[in-house]
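K.L.:
For the sequence shown, the working numbering assigns the number 813 to the initial residue and increments by one for each residue that follows. Note that the Cβ used here is the ideal one computed from N, Cα and C, for glycine as well. All values reported here derive from a predicted model rather than from experimental measurement. Dumping the structure here so I can ask a few things about it.
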Amino acid sequence: TSPKADFNGDGYGDVAFAAPYAKVDGHGMAGYVAVVYGGATGLDPAKRTVVSQNTAGVPGAAEAEDTFGDALAVADLDGDGYTDLAVGSSGEDVGTDGDGGSVTVLWGSASGLKNGTSVKDPAVSGHDNWGRLLTAGDFDGDGKKDLAVGTGSSHVYVVRGPFTTTGTSGTAKKITTPETAYSVDAMKAGDTNADGRSDLVLTYRVSLDSSESGSWSKGVAYLGSPTGPD
């Protein structure tokens, strides 16, 4: 079987480790991602690459509390045969939008992950923390990988693929929790009903206070369809 993540296409599985609270060039909680490439004997620490927003070809700059690496998702987002890595940076200040957040796709290649492209936030004024959660799947069954992006609010967006190195992608579909929620806690893509399309399963916080009995979450599954999760 093929490895889930093979950033350099050599047939061996690779692993990405997130360090969103790490200091980068003196900037606390700027964050980075460490990638270890696999080989015939397993993961090879000598083949390790560290990627931050100060890495050449990666959008933005490492700044305090950007938390680059907040969330990760792996998929071949541009369909070139190499696994790509989507990286969330939910604390990123975008212009005057404090903590607006960003999502960057690091592109797989024969030499591993290199360069990056930002995924556009479709509703900048509607939320903060774009990129707080990430998961990838083929939600509409068209054979192209899509990316689900969580925010600091009670909704997520599914951005349809394919994605390109120039920054283009398909349309974005807003997914809202079935009731008022404090936030979306977690989400994962998977084909729960074996119809060939990815489904989106998420948990969301319906209440939040300091007592143990006053804070709880619920779960919901949105089934894949030709128009995305429903």
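Shortest alpha-carbon distance to Leu1012 belongs to which of Ala948, Ala817, Asn820, Ala831?
P.N.:
Residue Ala948 is the option with its Cα nearest to Leu1012.
K.L.:
Can Thr1045 and Gly903 be called in contact, C-beta distance under 8 Å?
P.N.:
The requested residue 1045 is not part of the displayed model; the chain covers only 813 to 1042.
K.L.:
Starting from Thr1034, follow the beta strand (DSSP E) in both directions and report where the run begins and ends.
P.N.:
The question names Thr, but residue 1034 in the sequence shown is Tyr. Tyr1034 -> beta strand (DSSP E) spans 1028-1034.
K.L.:
Under 6 Å Cβ to Cβ from Pro974, same chain only, skipping five residues before and after it: list those, please.
P.N.:
Within the same chain, Pro974 has close Cβ partners Asp890, Gly891, Lys956.
K.L.:
So what does DSSP say about Val931, is it helix, strand or coil?
P.N.:
Looking at Val931 - three-state DSSP - the assignment turns out to be coil, as it is neither helix nor strand.
K.L.:
Write down the C-beta distance between Lys1030 and Tyr1016 rounded to the nearest angstrom, noting that I regard them as a contact closer than 8 Å.
P.N.:
So it is a contact: roughly 6 Å between Cβ atoms.
K.L.:
Can you list, in chain order, the residues of its chain whose CB lies under 6 Å from that of Ser981, leaving out five sequence neighbours each side?
P.N.:
Correct list, in chain order: Val971, Phe975.
K.L.:
Which residue's Cα is closest to the Cα of Lys835: Glu875, Gly851, Asp826, Lys859?
P.N.:
Per the Cα distances, Glu875.
K.L.:
Which ranges does the alpha helix (DSSP H) cover as unbroken runs of at least 4 residues, wholly within the region 863-928, from first to last along the chain?
P.N.:
List check, alpha helix (DSSP H) in window: nothing returned.
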